Amino acid sequence: MPPFDRRGFLRSTAAGAAAGILGAGAPRADETPPWVGWVRSYMKKPVKLAITCYNTTAPYYTPTRIGVQDAGAQLGVEVLWTGVPDGDTVAQIAQFRQLVATGYQGIAVIPVEPDAWIAPIKHAIEQGIVVVCTNSDSPDSGRELFFGQDLVGAAEAQGQMLAKLAGGRGTVAMTNCAPGMLALDRRIEGAKKGVTAGGLEIVGVFNTDPSDMGSDRSTIRDIARSHPNLTAMMPLCGQDTAAAGLVKQEMKAQWPIVGTDLIYQTLEMIRDGVIDGTVGQEPYLQGYLPIMHLYQRVALNGPKLNLPGGNYFMADEIVTTENVAEYLEREKRFAG
Amino acid sequence: MTAPAERAGEEAGRESSRWRSCLAFEERGIAAAVMLFFVVGAASSPYFLTIDNLTGILQSLTFLGFLAIGVGLTLMAGEIDISVGSIFGLVAVVTALLLHRGAPLWLAIAGGLGTGVGCGFVNGAVAELIRVPAVVVTLATLGVYRALALVVAGGSPVRGMPPLPGFFDAFGQGTMGGVSVITLLFLVMALLAELVVRRTAFGFRVLAVGSNPLAAHLVGFRVGRTRLLLLVFCGFMAALSGVCSVAYLHTAGPTAGTGYELSVLAAVIIGGVRLTGGRGSILGILLGLAVIGIIQNLIVLWGIPPTWTQGVSGMVLIASMALTWLSRREESTSADRVRGS
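Quick mapping for you: the protein sequence lines, in order, are chains A and B. Per the numbering used here: the first sequence = residues 1 to 336. Per the numbering used here: the second sequence = residues 1001 to 1341.
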């Protein structure tokens, strides 16, 4: 057996790593649809689209990312899914500015702090880049469109449904996994309207940490223990909804839960009768539609959509035990 | 050793020291890493060398950079401040809230900077009073300052601020020669800090305290006071960064700066500052920051999926440190050879 050559091994490992890293940036030889060549013939350069997300590791955004990838594959264009894993707005904006400086013609943004995005988005638009927001909005930034839910209306319906299940009296606790995010502020506004109209008293809106299921469960358990007379639970984020279901099982609690989003664990708990319902906001389309729109605007010179408030609202998907089977089938692809 | 050999040895030593002083810093390994990444970046993307992209890299490093100057100087004196990210967030919230409630600009800035200096003073005073390393104290205050930021801001970002005064807005959004004004301020602060480290008695004292605190004490340096001053300075730099972030973002979140301490420490250590103190330079720290900035930029340019970014960053940082280590080893081997001859 030849002796182990440490230097040689290190050299070849380093060379392999460098080739791997460089290879990641090389264009892939995918099969391209015929219209890609046609678009290139008059655009003179490849279409480059990107989407930047404030929390790339959140399970909620798995279908959104897949929607982005599907749209890119169908169109035969390079679509970059990027962002930061931790909600660091400074880093996300720095990355956005790099996208602007490096030839991306259309960018979709999932922002967390709307005011912070006003100047960067305005600057990008001045550079001729088409910018849209998706899932969460920065309405004063001049973005072309917002793809998302009518969050006030959806949460109001969610609140009324919960109040009905709770018998129209008692107390309700709400959770917020992204304090300060405009989407959550709007959802809380609607939720408060809905439960109050339905006769429930709100004991509080409690902040949770969606990146850590353990911490999420602990917070919800603490809320339940400190409010023994609670009659309803209203989690306003996807991860919180699943966590609330687990706590309800663990504590053998009786309060109804009507939560948010279509996380697979939530759907399974609806099927099992632990969670009473949830309101989805079509996260797949929140990735798919912005890319399709950006492509039309950038590559096909499509017109701006003149929608009220620049809002392209998704449908509210209300899931209960009656229709959960259909959603369990549809969302299986994103279950991980 | 014969006289000609001695002369040759002295000549070689002088040559080597001329080369080092020509480079003006010891961190040749990290400089090589920066150059390597530059070449790789330029070869792999047509956008890398554009002015917009390069100024974008500088901009992306600015807020971390302010923090790195403070943390770097403190580490040179043998202490570590890991509460800087929380001070950054707290100061940003205090400044934004003061502006939100109609305070004049000077008061908001003074309030923010004062908060940072106060936090730094608390860190230093507690470390001195109960005689524990600053890393332990700041591990505790990291949580305390973050909690204060959350309490003061009511748990959510400060939104709906009135239009910022013209000067402050121009400071936050403006550019000079394509480079952001905040970045220029950071570069000026870095230059001043470098001059302090290299050219002043205080800089010498910082390195002496970090190198051997007992010896520094015996020659009459006030070790405790030096460290206290540095922790206050560290708080000030975090505060400056926080105030600048309000001018840049027009908002402030109580969780802003979470995790910055690790990125800052990475830049400082890659930049050649010894964890045990006594050695380092601001130029090295700038190069450490540059490595981090270029990696993050290349990750975007290469389209590496976000799931891989932290792993790729980590691997490239290890490679940078390996280059630094190789350079140091080479340096010590050359020195041994000169001594031997």
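In this text, a Cβ means the ideal position worked out from N, Cα and C, and glycines have one as well. The structure presented is a predicted model; accordingly, all values stated were derived computationally and were not measured.
Contacting residues, own chain, Cβ-Cβ under 6 Å from residue i (five flanking each side not counted)
{"i": "SER1327/B", "result": "ARG1028 and GLY1029"}
{"i": "CYS133/A", "result": "VAL109, ARG143 and PHE146"}
{"i": "LEU1240/B", "result": "PHE1066"}
{"i": "THR62/A", "result": "PHE334"}
{"i": "ALA1319/B", "result": "none"}
Cβ-based neighbour list, residue i, same chain, cut-off 8 Å, excluding 5 preceding and 5 following
{"i": "PHE1233/B", "result": "GLY1070, LEU1073, THR1074 and GLY1120"}
{"i": "PHE1167/B", "result": "LEU1105"}
{"i": "ILE1295/B", "result": "PHE1037, VAL1312, SER1313, VAL1316 and LEU1317"}
{"i": "ILE129/A", "result": "VAL100, TYR104, GLN105, GLY106 and ILE107"}
{"i": "LEU1150/B", "result": "PRO1254 and THR1255"}
{"i": "GLN160/A", "result": "GLY194, VAL195, ALA197 and GLY198"}
Spatially closest choice to residue i from the options, by CA coordinates
{"i": "THR278/A", "options": "LEU328/A, LEU300/A and GLY302/A", "result": "LEU328/A"}
{"i": "GLY167/A", "options": "TRP38/A, LEU289/A, PRO256/A and ALA91/A", "result": "PRO256/A"}
{"i": "TYR284/A", "options": "ARG330/A, THR260/A and GLU326/A", "result": "ARG330/A"}
{"i": "LEU236/A", "options": "LYS252/A, ASN323/A, GLY190/A and VAL112/A", "result": "GLY190/A"}
{"i": "THR1175/B", "options": "TYR1248/B, VAL1135/B, ASN1212/B and LEU1142/B", "result": "TYR1248/B"}
{"i": "VAL77/A", "options": "ALA124/A, MET233/A, LYS332/A and GLN296/A", "result": "GLN296/A"}
{"i": "MET1076/B", "options": "VAL1206/B, TYR1260/B and ALA1033/B", "result": "VAL1206/B"}
{"i": "THR1050/B", "options": "GLY1220/B, GLY1280/B and ASN1297/B", "result": "ASN1297/B"}
{"i": "ASP1169/B", "options": "ALA116/A, GLY302/A and ALA94/A", "result": "ALA116/A"}
{"i": "GLY1160/B", "options": "GLY180/A, ASP150/A and VAL205/A", "result": "GLY180/A"}
{"i": "GLU113/A", "options": "ILE223/A, ALA183/A, PRO34/A and GLN286/A", "result": "ALA183/A"}
CB contact check: residue i to chain B, cutoff 8 Å
{"i": "LEU230/A", "result": "no"}
{"i": "GLU126/A", "result": "no"}
{"i": "ARG217/A", "result": "no"}
{"i": "ARG333/A", "result": "no"}
{"i": "GLN239/A", "result": "no"}
{"i": "GLU113/A", "result": "yes"}
{"i": "ALA101/A", "result": "yes"}
{"i": "GLN296/A", "result": "no"}
{"i": "ALA155/A", "result": "no"}
Residue i in three-state terms, based on DSSP
{"i": "LEU307/A", "result": "coil"}
{"i": "ALA1108/B", "result": "helix"}
{"i": "LYS48/A", "result": "strand"}
{"i": "ALA15/A", "result": "In this predicted model, ALA15/A has a pLDDT of only 46, less than 50, meaning its place in the structure is not dependable; the value taken from the coordinates is given anyway. Correct three-state label for ALA15/A: helix."}
{"i": "TRP339/A", "result": "Coverage of chain A is limited to positions 1 through 336, which leaves residue 339/A absent and any answer about it impossible."}
{"i": "THR171/A", "result": "strand"}
{"i": "ALA178/A", "result": "coil"}
{"i": "LEU230/A", "result": "strand"}
{"i": "GLY1226/B", "result": "According to the sequence displayed, residue 1226/B carries Thr and not Gly. Three-state result, THR1226/B: helix."}
{"i": "ALA108/A", "result": "strand"}
{"i": "CYS133/A", "result": "strand"}
{"i": "PHE1370/B", "result": "Chain B is shown only over 1001 to 1341; residue 1370/B falls outside these bounds and no answer can be derived."}
{"i": "TYR1047/B", "result": "coil"}
{"i": "ILE202/A", "result": "strand"}
{"i": "ILE318/A", "result": "strand"}
{"i": "ASN55/A", "result": "coil"}
{"i": "MET1161/B", "result": "coil"}
For residue i, the first and last residue of its enclosing alpha helix (DSSP H)
{"i": "GLU329/A", "result": "324-330"}
{"i": "THR89/A", "result": "89-101"}
{"i": "THR1141/B", "result": "1134-1153"}
{"i": "ALA43/A", "result": "Note that residue 43/A is Met in the sequence shown, not Ala. Run containing MET43/A: 34-43, per the alpha helix (DSSP H) assignment."}
{"i": "VAL1206/B", "result": "1201-1211"}
{"i": "ILE125/A", "result": "118-126"}
{"i": "VAL68/A", "result": "62-75"}
{"i": "GLN149/A", "result": "Looking at the DSSP string, GLN149/A is not in any alpha helix (DSSP H); the run it does join, the beta strand (DSSP E), is 146-149."}
Within-8 Å CB hit, residue i to chain A
{"i": "PRO1145/B", "result": "Just to set this straight, residue 1145/B is Tyr in the shown sequence, not Pro. Closer than 8 Å: no."}
{"i": "SER1320/B", "result": "no"}
{"i": "ASP1081/B", "result": "no"}
{"i": "TRP1019/B", "result": "Confidence at TRP1019/B is low in this model, with a pLDDT of 46, below 50, so the placement of that residue is unreliable and no value is reported for it."}
{"i": "SER1327/B", "result": "no"}
{"i": "ARG1131/B", "result": "no"}
{"i": "LEU1323/B", "result": "no"}
{"i": "SER1086/B", "result": "no"}
{"i": "MET1161/B", "result": "yes"}
{"i": "GLY1178/B", "result": "no"}
Contacts around residue i, its chain only, beta-carbon distance under 7 Å, and the 5 residues preceding and following it disregarded
{"i": "GLU282/A", "result": "MET314, ALA315 and GLU317"}
{"i": "GLY1257/B", "result": "GLY1085, SER1086, PHE1088 and GLY1089"}
{"i": "ARG217/A", "result": "ALA243, LEU246 and VAL247"}
{"i": "ILE125/A", "result": "VAL131 and GLY142"}
{"i": "ARG65/A", "result": "TRP81 and GLY287"}
{"i": "VAL1126/B", "result": "VAL1137"}
Closer than 8 Å at the beta carbon, the chain D residues around residue i
{"i": "ILE118/A", "result": "Among the chains of the structure shown, chain D does not appear; the protein chains present are A and B."}
Heavy atom of the ligand ZN within 7 Å of residue i beta-carbon
{"i": "LEU75/A", "result": "Questions concerning the ligand ZN fall outside what the structure shown contains, since it holds no ligand whatsoever."}
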